[in-house]
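Trainee: Could you have a look at this structure, given as structure tokens, before my questions?
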């Protein structure tokens, strides 16, 4: 037990649990003499104490040696017969698909830059240049790109999507510095209202943040786009009437949270937004119809009253103040902020896609930049598939290893849907 200061109730220490699927290597520690020390009689077992400890077998590298005997006929000297060589992602190279998968997972799931991976291999006596690892990444991305494109196409056919973007520093050799590219994220998650389609996300790299990028990525998408306040999405919706924007209450909340210490108005706005989130907590997991009905009964009056309150406060504060900026931010997006009241499938915020952005930020922090625009595109492709593995609850290394093997062996291009991570869920 761990006792906290201040007289708080003690809590149990969380030392972790040991999953049942792990191999158990049993070690029996027994007494040598099984005779009674008092009378000399034979002892019989009355029980045992069992303890489990977590152990690790360090990464073991091995060399797979493939031998392909050649055969010829002594009688007629016909053509030589030999079994074909197995297909590889890196033709003529040394890595297996399992090793390539390890490099991809280490870089894009565990955020370990290639130069650090090269250092790890060097400790084991394996000399691999960072450029060699980068070549493996590029070749794997070439095979995996149709899978990312398939996910993006499925998202385009959805009726509701989340969208967000984050910076992706990219080396600009001609100028001797980095430039700022963008990784755009498009996601779907219907689980909060019991939808049957699998959750998924797709990343797309672009050289800039122009609004037309999102329009190009989304193709003929028609429906509700849940977004933050970035103006590029508003421009998209203005050009395409079949797209409606549902804005994010979490972003509105942040504007006022930054002012709450010195502003009673901001504190009051936060209180009212908290009431909306409390309602959402109660209806999460219910059907879209139930969510819409509860929102109509309980949330609509809160939203309407808040709108009146914001307009009144805006007339009373300095137009150049930060509070006025926060008030205008909310009021100019009110139609999109209110959209959730009439559709139980819409979420209150865009946190779904923001969560999918976080791994990109971690990778950016550790790797600092992509080596080129092509490297940024590879990043988007591989990160897409790893994140979908995580969303589907499957091991990304096992999935990548098996999928790369199938792709190298000529899996049909028109059947990539069979390889999607969510199809691997039992």
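In the numbering used here, the protein residues as written are -9 to 416. Idealized CB from N, CA, C, for every residue including glycine.
Give the straight-line distance between the Cα atoms of residue 372 and residue 137, rounded to the nearest whole angstrom.
Mentor: Translated into the one-based positions of the chain shown, residue 372 becomes position 382. Translated into the one-based positions of the chain shown, residue 137 becomes position 147. Distance between the alpha carbons of residue 372 and residue 137: 10 Å.
Trainee: Spatial neighbours of residue 104 within its chain, please: C-beta separation below 7 Å, excluding the five flanking residues on both sides.
Mentor: For the purposes of this step, residue 104 is taken as residue 114 along the chain shown, with counting starting at 1. Counting only Cβ-Cβ distances below 7 Å, and skipping sequence neighbours, we find 97, 120, 123 and 124.
Trainee: Output the boundary residues of the alpha helix (DSSP H) element that contains residue 92.
Mentor: Sequence index remark: in the chain shown, residue 92 carries index 102 (1-based). It spans 87 to 98 - the alpha helix (DSSP H) in which residue 92 sits, taken as one unbroken run.
Trainee: Verify whether the separation of the beta carbon atoms of residue 368 and residue 411 is less than 7 Å.
Mentor: The count along the chain shown starts at 1 and reaches residue 368 at position 378. The count along the chain shown starts at 1 and reaches residue 411 at position 421. No, Cβ-Cβ distance for residue 368 and residue 411 is not below 7 Å.
Trainee: Alpha carbon to alpha carbon, how far is residue 140 from residue 193?
Mentor: Here residue 140 is taken as the residue at index 150 of the chain shown, counted from 1. Here residue 193 is taken as the residue at index 203 of the chain shown, counted from 1. Computed Cα separation, rounded: 12 Å.
Trainee: Rounded to whole angstroms, what's the CA-CA distance from residue 353 to residue 102? Just pull it up for me.
Mentor: Against the chain shown, residue 353 aligns to sequence position 363. Against the chain shown, residue 102 aligns to sequence position 112. Approximately 8 Å, taken between the alpha carbons.
Trainee: For residue 66, count neighbouring C-beta atoms within 10 Å of its own C-beta (all shown protein chains included) and say buried if the count is 16 or more, exposed if not.
Mentor: Taking the chain shown and counting its residues from 1, one reaches residue 66 at position 76. Classification for residue 66: exposed.
Trainee: Could you give the residue range of the beta strand (DSSP E) that holds residue 265?
Mentor: By 1-based counting over the chain shown, the position of residue 265 is 275. Premise fails: residue 265 lies in the alpha helix (DSSP H), 254 to 273, not in any beta strand (DSSP E).
Trainee: Indicate whether residue 91 and residue 391 have their beta-carbon atoms separated by less than 7 Å.
Mentor: What you label residue 91 is simply residue 101 of the chain shown in a count that begins at 1. What you label residue 391 is simply residue 401 of the chain shown in a count that begins at 1. Contact: yes.
Trainee: Residue -4 to residue 315, Cα distance in whole Å?
Mentor: Sequence index remark: in the chain shown, residue -4 carries index 6 (1-based). Sequence index remark: in the chain shown, residue 315 carries index 325 (1-based). Only weak support is given to the placement of residue -4: the predicted model assigns it a pLDDT of 46, under 50, and the value that follows is read from those uncertain coordinates. Distance between the alpha carbons of residue -4 and residue 315: 42 Å.
Trainee: From this set, 115, 177 and 170, which residue's C-alpha is nearest residue 145's C-alpha?
Mentor: Stepping through the chain shown from its first residue, residue 145 is reached at position 155. It is 177.
Trainee: Taking the DSSP output, what are the residues bridged to residue 214?
Mentor: Mapped onto the chain shown, residue 214 falls at position 224. Residue 214 pairs with 150 and 234.
Trainee: With 16 other CB atoms within 10 Å as the buried threshold, where does residue 195 fall?
Mentor: Walking along the chain shown from the start, residue 195 turns up at place 205. With 16 or more Cβ atoms within 10 Å of its Cβ, residue 195 is classed as buried.
Trainee: Among the residues of its own chain, which have a CB less than 7 Å from the CB of residue 362, if the five just before and after it don't count?
Mentor: Your numbering for residue 362 matches position 372 in the chain shown. Counting only Cβ-Cβ distances below 7 Å, and skipping sequence neighbours, we find 160 and 161.
Trainee: For residue 80, which of 186, 181, 47 and 128 has the nearest alpha-carbon?
Mentor: Along the chain shown, one-based indexing puts residue 80 at 90. Selected option, being the one with the closest Cα: 128.
Trainee: In three-state DSSP terms, what is residue 344?
Mentor: Residue mapping note: residue 344 aligns to position 354 of the chain shown, counting from 1. In the structure shown, residue 344 sits in a helix (DSSP, three-state: H, G or I).
Trainee: Thinking C-beta only, is residue 327 closer than 7 Å to residue 237?
Mentor: Position 247 of the chain shown, counted from the start, is the residue given in the question as residue 237. Position 337 of the chain shown, counted from the start, is the residue given in the question as residue 327. For residue 237 and residue 327, yes; Cβs fall inside 7 Å.
Trainee: Which same chain residues, not among the five before or five after residue 226, have their C-beta less than 7 Å away from its C-beta?
Mentor: Residue 226 sits at position 236 when you count from the first residue of the chain shown. Taken in chain order, the residues that qualify are 201, 204, 205 and 233.
Trainee: Who pairs with residue 117 in a beta bridge, going by DSSP?
Mentor: The residue labelled residue 117 in the question sits at position 127 within the chain shown. Beta-bridge pairing links residue 117 to no other residue.
Trainee: What does a CB cutoff of less than 7 Å around residue 143 pick up in its chain, not counting 5 residues either side in sequence?
Mentor: Against the chain shown, residue 143 aligns to sequence position 153. The answer is none, since no qualifying residue turns up.
Trainee: Over what stretch of residues does the alpha helix (DSSP H) that includes residue 335 continue unbroken?
Mentor: Walking along the chain shown from the start, residue 335 turns up at place 345. That residue, residue 335, is in no alpha helix (DSSP H); it is neither H nor E in DSSP.
Trainee: By alpha-carbon positions, which one of 147, 243 and 259 ends up nearest to residue 209?
Mentor: One-based indexing of the chain shown puts residue 209 at position 219. It is 147.
Trainee: Suppose you measure from the CA of residue 276 to the CA of residue 108; what does that come to, to the nearest Å?
Mentor: Here residue 276 is taken as the residue at index 286 of the chain shown, counted from 1. Here residue 108 is taken as the residue at index 118 of the chain shown, counted from 1. Spanning the two alpha carbons is a distance of roughly 49 Å.
Trainee: Could you check how far apart the C-beta atoms of residue 342 and residue 152 are, in whole angstroms? I think they sit under 8 Å.
Mentor: As a working mapping, residue 342 is identified with position 352 in the chain shown. As a working mapping, residue 152 is identified with position 162 in the chain shown. Sure, about 5 Å apart at Cβ, within 8 Å.
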